[in-house]
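Per our numbering: the sequence shown ends with 579, consecutive numbering throughout.
Each residue gets a CB set at the ideal place from its N, CA and C atoms; glycine is no exception.
Just so you know, these numbers come straight off a predicted model, no measurement behind them.
For reference, the structure is listed below as structure tokens.
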Amino acid sequence: MDSIISFFKYVFKYRVKVVDRILFYLSLVCAFMVIAHVGYITDPAIGKISRKLVLSLFYVLFTVESLITVFSIFSSRKLTPSNYPGIAVIIYFLIILFQRFTHVPFLSFLEKDEWIYFGIAFIFFVQLSKNSLFFDNFYFNPTILFVISFLGLIILGAVLLMLPKTTIEAPLSFIDAFFMATSAVCITGLSVTDISTNFSVFGQTVIMLLIQIGGLGIMTFTGFFGYFFSGGFSFKNQLMFGEILGENKLNSVISTLLTIIFITLLFEFIGGLFIFFTLDSTLFESLGDRIFFAAFHAISSFCNSGFTILKDGIQGENYRFNYSFQIALAMIFVFGGLGFGTVFNFYTYFKAKFSAIICKLFLKKNYKYKPQIFSFNSRFILLCNIIVIVLATISYYFLEQQHTLTEDKSAFGEWATSFFMANTSRSAGFNSVNINFLANPTLIMVVTLMWIGASPGSTGGGVKVTTVAIAFLNVIALARGKESIEIYKRRIASESISKAFAIILLSIVSITICFILLNFSDPNVGMVELLFESVSAYTTCGLSLGITSSLSSASKLILMLTMFVGRVGTLTLLVAFIKNTKNKSYIYPSEKILF
-15 MDSIISFFKY VFKYRVKVVD RILFYLSLVC AFMVIAHVGY ITDPAIGKIS RKLVLSLFYV
45 LFTVESLITV FSIFSSRKLT PSNYPGIAVI IYFLIILFQR FTHVPFLSFL EKDEWIYFGI
105 AFIFFVQLSK NSLFFDNFYF NPTILFVISF LGLIILGAVL LMLPKTTIEA PLSFIDAFFM
165 ATSAVCITGL SVTDISTNFS VFGQTVIMLL IQIGGLGIMT FTGFFGYFFS GGFSFKNQLM
225 FGEILGENKL NSVISTLLTI IFITLLFEFI GGLFIFFTLD STLFESLGDR IFFAAFHAIS
285 SFCNSGFTIL KDGIQGENYR FNYSFQIALA MIFVFGGLGF GTVFNFYTYF KAKFSAIICK
345 LFLKKNYKYK PQIFSFNSRF ILLCNIIVIV LATISYYFLE QQHTLTEDKS AFGEWATSFF
405 MANTSRSAGF NSVNINFLAN PTLIMVVTLM WIGASPGSTG GGVKVTTVAI AFLNVIALAR
465 GKESIEIYKR RIASESISKA FAIILLSIVS ITICFILLNF SDPNVGMVEL LFESVSAYTT
525 CGLSLGITSS LSSASKLILM LTMFVGRVGT LTLLVAFIKN TKNKSYIYPS EKILF
């Protein structure tokens, strides 16, 4: 008995180095087989053989994972997060066995192939996340690693979108697949094909996953799962993810990572519920279609991507006047555009209020509030967003009275459309009206809103509202003869002011270069349309005047590069490749420049 226990301890001790690698490669093979079966094989006869092979590999993978889990728990005599996937597998097997012998009707859905695919994908992603923590063994600049992760995800997405079963008709060309993958990963929303009619459910699912992972960053996902299922971060892991997440305090890296994932999944779930109940059930063939529709649009809106699986978009006859659906969608992408830190501040604020009510009503004692529930950055971001939202909504309402708002039959409908379009122009990319019918002043306002964008630390694009606000406040401070910007009894650091102007300048340069190159590659297209497309691509907004699909391959490549630069950030790219880490021990004398 002692020899058996020693063997189990030996296996548990070396499982990270050996067994986890075996599980990773086995899950990788299973994942490739699932992709080939679901997305590539079109012949029914070959499909039956591939399905049997997938099932066989599925049982082998789950059996190995179950055995390793049992060995780990038995040898360590305790339950750790790394055991959770195996426990889920064991529970699933027990339920399936119970279903086979009892034939309980409400458990029959667990025998569907989709659950097998999900199980394989889950184990593969867990194993991939564990292995991603070994990146700290390489001497990568974390910023470069962040850029490489986006490139890798785009390439993987393009390969998946080129599979025959991704589309209903002819498969996408390499350029179109690469464009769609870039647009989804960079959460832009520009599209060269109609994903509602030309994409299968498999293709739409690929787009949805690319949006979700691209919206948060693949390193955020793999870091979360890697930490959770590996039992912790090493010091080098914390340094790497601290740089990627922009977190200066090492002891806050893990909490920041968990907060981002928690906030995202929570608000997408709540948003999906709101969307689900605003839908007309008669428009869907089944409950599953309605759930998938709600999930797709909840993810797309929170990540500010602008992709939709509606045939004519939200401006279609079934959704153009569904104001409850539009408001639900708008609230999701507004919260998504506020930034994870600000949204988490909302969560802590309402949590404190709820706890205070519970303490007063049931515990009969006063609740102790923590000071500064809303941080300085959250208050400043919230103020900037409120100003932009109010001004943009009112401006759209009055500018479009004789244009797109003539379709709305009530004052509530006009204000709902104004609120939706004013906020979607900042980064979300949805449109409930035809953009081509907007008045010229409104079109200028939309371009400006796209350029301003959402909030820092969010899934939205643009130069960010705080960047524009700091630049504007700096101009006012200079006009008043002040040497610094002061707000909320705080002085803004000179580094933030310099960064704001650098971001603004780089955005103008990037958009200008894209616009000039598009004029060379597609000289027959109008300059207004090309400028609109350039701003939309760089700011990852996704609104278009309808020229995207008709552009040449060269123009699509230019837009792809612009979307990537806009998503990663021009300043981030410059820091990644030009950053000088040498510190000088001296300071040059200062001089004033004439202006």
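Nearest-angstrom Cα separation, counted from residue j out to residue i
| i | j | result |
| --- | --- | --- |
| F122 | S133 | Because the pLDDT at F122 is just 47, under 50, the model does not fix this residue reliably, and the value given afterwards should be weighed accordingly. Each residue's Cα considered, the two are about 14 Å apart. |
| E301 | S394 | 17 Å |
| L273 | F485 | Leu is not the amino acid found at residue 273; the sequence shown has Asp there. Roughly 47 Å between the two C-alpha positions. |
| E467 | A461 | 7 Å |
| I342 | K335 | 11 Å |
| V110 | I79 | 22 Å |
| T326 | F286 | 14 Å |
| G446 | Y101 | 37 Å |
| D296 | G198 | 25 Å |
| F213 | L112 | Residue placement at F213 cannot be trusted, given a pLDDT of 49 that sits under 50; what the coordinates show is reported in the next sentence. When rounded, the distance between both Cα atoms is 11 Å. |
| L193 | E517 | 25 Å |
| L375 | L135 | 37 Å |
| I30 | I275 | 31 Å |
| F338 | L541 | 51 Å |
| N458 | S439 | 19 Å |
| F186 | L144 | 10 Å |
| Y472 | I247 | 27 Å |
| L140 | A340 | 48 Å |
| A282 | F364 | 27 Å |
| Y9 | T266 | 45 Å |
| I497 | I487 | 15 Å |
| E470 | L490 | 25 Å |
| F277 | I293 | 7 Å |
| S569 | V13 | 54 Å |
| S362 | F82 | 51 Å |
Close-in-space but distant-in-sequence residues of the same chain around residue i (CB under 8 Å, 5 per side omitted)
| i | result |
| --- | --- |
| S494 | Y522, T546, V549, G550, T554 |
| A15 | I104, A105, F108 |
| V372 | R410, L433, I436, V449 |
| K576 | none |
| I19 | L144, L147 |
| I571 | none |
| M44 | For clarity, residue 44 is Val in the given sequence; the question names Met instead. Cβ within range, chain order: L10. |
| S533 | S175, V176, T177 |
Buried/exposed call for residue i, threshold 16 Cβ in 10 Å
| i | result |
| --- | --- |
| Y333 | exposed |
| A477 | exposed |
| I298 | buried |
| F183 | buried |
| L271 | exposed |
| T628 | The chain is shown only over -15 to 579; residue 628 falls outside these bounds and no answer can be derived. |
| F55 | buried |
| D392 | buried |
| L322 | buried |
| S284 | buried |
Chain-order list of residues whose beta-carbon lies under 6 Å from that of residue i (same chain, five-residue window excluded)
| i | result |
| --- | --- |
| S34 | H21, I25 |
| T243 | F328 |
| I74 | S50 |
| S539 | L502, S505, D506 |
| G444 | N288, G321, S411, G437, A438 |
7 Å Cβ shell around residue i - same chain, five flanking residues per side excluded
| i | result |
| --- | --- |
| V509 | I531 |
| I138 | A165, T166, V169 |
| C368 | V449, T450, A453 |
| F403 | A314, T377 |
| V519 | V431, M434, W435, I495 |
| M544 | F162, F163, T166 |
| F587 | Outside the displayed range of the chain (-15 to 579) lies residue 587, so it cannot be described from this structure. |
| L37 | M17 |
| L366 | T326 |
CB-CB length for residue i against residue j, believed under 8 Å
| i | j | result |
| --- | --- | --- |
| F324 | S416 | Not confirmed; about 27 Å, so no contact. |
| T177 | D160 | 6 Å |
| G320 | N288 | 5 Å |
| L174 | G526 | 5 Å |
| L529 | I428 | Actually they are not in contact, since the Cβ atoms of L529 and I428 sit about 13 Å apart, beyond 8 Å. |
- Task: Could you pull out every unbroken alpha helix (DSSP H) segment of at least 4 residues lying fully inside the segment 296 to 350, listed in chain order?
- Result: 307 to 322, 324 to 342
- Task: At 4 residues or longer, and completely inside the segment 407 to 453: list those alpha helix (DSSP H) runs for me, N to C.
- Result: 424 to 436
- Go through the segment 503 to 565 residue by residue and report every complete run of the alpha helix (DSSP H) that reaches 4 residues or more, in order. 511 to 522, 537 to 552, 554 to 562
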